[in-house]
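Here is the structure we will look at.
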Amino acid sequence: MARVIVTGGSGFLGHHLCRALLAAGHTVKNIDLRPNPEVDTVIADICDTERMLVEIRDADVVFHLAALIEAGESVKFPQKFVDVNISGTVSVLEAMRQNQVPTFIFSSSAAVYGEPLRVPILEDDRTLPINPYGMTKLAMEALVSSYVASYKMTGIGLRYFNLYGPEEHHQPESHAIPRFIEQIQSGQEVTVWGNGQHQRDFIYITDVVEAHLQSLNLAQQQPQKYHYLNLSTNHPTEVRQVIQMLEQLMGKKANVRNFPERPGDPLVLVADSSKATQVLGWTARTQIEEGLKKTVEYFLSKQT
Ligand SMILES: NC(=O)c1ccc[n+]([C@@H]2O[C@H](COP(=O)([O-])OP(=O)(O)OC[C@H]3O[C@@H](n4cnc5c(N)ncnc54)[C@H](O)[C@@H]3O)[C@@H](O)[C@H]2O)c1
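Just add 335 to wherever you are in the sequence shown, counting from 1, and you've got this note's numbering.
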C-alpha cells in the first residue's frame with residue numbers, strides 16, 4: 336500500500352480519486368484550498384513553497400491535480416494561470432525533490448495539442464496550444480520530464496479532453512454536460528456553439544480514476560521514466576446527440592439555441608489511447624449512454 340498525497344483532492348476528479356485510493360487501502364493526504372470531509376485534508380496553496388516543503392514529505396507518490404482549469408479564463412488572466420499551474424507545479428516538484436518523494440502522476444490535458452492536424456490524435460503528434468491553459472499544461476509536462484531526467488524521479492502525465500460524471504461542480508460551470516443538464520432541468524436555453532455536429536471525446540470520471548490507479552503500478556514497474564499518455568474513449572460523440580440522450584433520460588425537451596461557431600473549435604476532437612492500453616492495460620469501459628444515465632441520476636437526486 337502506498338503513502339499518497341493528492342493536490343486538488345477537493346475538486347471534481349480529486350473527490351473521486353481520493354475515494355478510490357482510500358477504498359484500495361492507500362493512505363491519503365489531500366492538499367487543497369477547499370475542504371474535502373472524506374479525506375485527511377490540509378488547506379494550503381500549492382504556490383506556498385515553504386508550506387509545500389513541510390507538507391510534501393513521507394510519501395511514495397503525489398497525484399497532482401490542483402490547477403486553474405477554465406480555458407476561457409486563461410485567455411483573460413494568463414498570469415494567474417502561469418502562477419498556479421506552472422509555478423505551483425514547481426513548488427510541488429521542489430518539495431518532492433528535497434524530501435525524496437519519488438513519483439509524480441499528474442493531470443495534463445488534451446489541450447496541449449491545440450488544433451490537431453489529424454484525428455485521432457497520437458501522443459507524439461504536434462503540440463501547439465491555442466490558449467494559455469493548454470500552454471501551462473504543456474509547460475507542466477516539460478517541467479516534469481526535466482525533473483525525471485535530472486533527479487531520477489518517475490513522472491506520468493495523463494492527457495484527456497472532457498471529463499464528466501456525478502459530483503461535477505465547477506464555478507462557473509462551463510463544462511458542457513452539467514451545464515446542459517441544468518439548462519434542460521430549469522427550462523433555460525441550452526446554448527450550443529455551431530450546429531451541434533461537433534464531435535467531442537466525453538470520458539467518464541471513474542474510467543479516468545482507474546487510469547490513475549493503474550499509473551501507480553506503472554510507476555512501480557518502470558521507475559525513473561517519464562510517460563505521457565492519452566486517455567480517450569476512442570469514440571467521439573456529437574454534441575447534439577448528447578443533448579438528445581439527456582432529453583430522453585430527463586423526460587424533458589431541450590430548448591436549444593445555436594450560436595455561431597467559435598473560431599478554433601475543430602469539428603472532431605478525439606485522441607487515440609492505444610498507448611495507455613499497451614502500457615497501463617487500461618481502456619475506457621463506460622459507454623456514453625451508461626455514463627450519462629448515472630450523471631443525470633446524480634443531478635436529479637440533488638434537486639429533490
Ligand atoms: N475536468 C476536465 O474536463 C479536465 C480535462 C482535462 C484535464 N483536467 C485537469 O484535471 C485536473 C482536475 O480537474 P477538475 O475538473 O477536478 O478541476 P476542479 O476545479 O474541480 O479541481 C481542482 C482543484 O484544485 C484546487 N486548487 C486550485 N488552485 C489551487 C492552489 N493554488 N492550491 C491548492 N489547490 C488549488 C481547487 O480548489 C480544486 O479543488 C486539473 O488539473 C485539470 O486541469 C480536467
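Virtual Cβ for every residue (Gly too), placed ideally from N, Cα, C. For clarity, every value in this text was computed on a predicted model and none was experimentally measured.
Can you tell me whether residue i sits near ligand 1, meaning its C-beta is under 7 angstroms from at least one heavy atom of the ligand?
i	result
Cys353	no
Arg386	no
His505	yes
Ala402	yes
Val419	yes
Asp380	yes
Asp367	yes
Leu348	yes
Gly522	no
Tyr495	yes
His510	yes
Thr342	yes
Leu498	yes
Gly407	no
Ser288	Nothing in the structure corresponds to residue 288, since the chain is present only between 336 and 639.
Ser345	yes
Gly423	yes
What residues are listed by DSSP as bridge partners for residue i?
i	result
Lys364	Ile340, Asp375
Ile391	None; Ile391 has no bridge partner.
Thr572	Arg535
Trp528	Phe594
Val447	DSSP output for Val447 lists no bridge partner at all.
Ile381	DSSP output for Ile381 lists no bridge partner at all.
Ile456	Ala606
Could you please give the first and the last residue of the uninterrupted beta strand (DSSP E) stretch that includes residue i?
i	result
His410	The sequence shown places Val at residue 410, not His. Counting along the chain, Val410 falls outside any beta strand (DSSP E), though it belongs to the alpha helix (DSSP H) covering 406-411.
Arg514	Premise fails: Arg514 lies in the alpha helix (DSSP H), 511-521, not in any beta strand (DSSP E).
Leu498	497-499
Leu615	Looking at the DSSP string, Leu615 is not in any beta strand (DSSP E); the run it does join, the alpha helix (DSSP H), is 609-615.
Lys562	Residue 562 is actually His in this sequence, not Lys. Element bounds for His562: 561-565.
Val396	396-399
Ile440	438-442
Grab the span of the alpha helix (DSSP H) containing residue i for me, first residue to last.
i	result
Glu545	540-556
Arg354	347-358
Thr471	467-486
Gly492	No alpha helix (DSSP H) contains Gly492, which is instead part of the beta strand (DSSP E) from 489-494.
Leu335	For the chain, the structure presents residues 336 to 639; residue 335 sits outside this window and is missing.
Ser426	423-433
For residue i and residue j, which I take to be in contact (beta-carbon distance under 8 angstroms), what is that distance rounded to the nearest angstrom?
i	j	result
Ile516	Phe347	With a Cβ gap of about 14 angstroms, Ile516 and Phe347 do not count as contacting.
Phe412	Tyr468	Between Tyr468 and Phe412 the Cβ distance is about 10 angstroms, and since that is not below 8 angstroms, they are no contact.
Gly529	Asn593	7 angstroms
Pro370	Ile378	7 angstroms
Cβ pair count under 8 angstroms reaching 3, the stretch 562-576 against the stretch 377-397: no
Given 8 angstroms, three or more beta-carbon pairs between the stretch 544-564 and the stretch 347-365: They touch, by the three-pair rule.
Inter-stretch contact at 8 angstroms, needing at least 3 Cβ pairs: the stretch 481-493 / the stretch 554-571: Result yes; three or more Cβ-Cβ pairs closer than 8 angstroms.
The stretch 398-414 / the stretch 433-448 touching (three or more Cβ pairs under 8 angstroms): Touching, yes.
Touching by the beta-carbon criterion (3+ pairs, under 8 angstroms), the stretch 613-631 and the stretch 528-542: yes
Segment contact, 8 angstroms Cβ cut-off, at least three pairs: the stretch 512-531 with the stretch 574-592: yes
Three-pair Cβ contact test at 8 angstroms for the stretch 442-460 versus the stretch 598-606: yes
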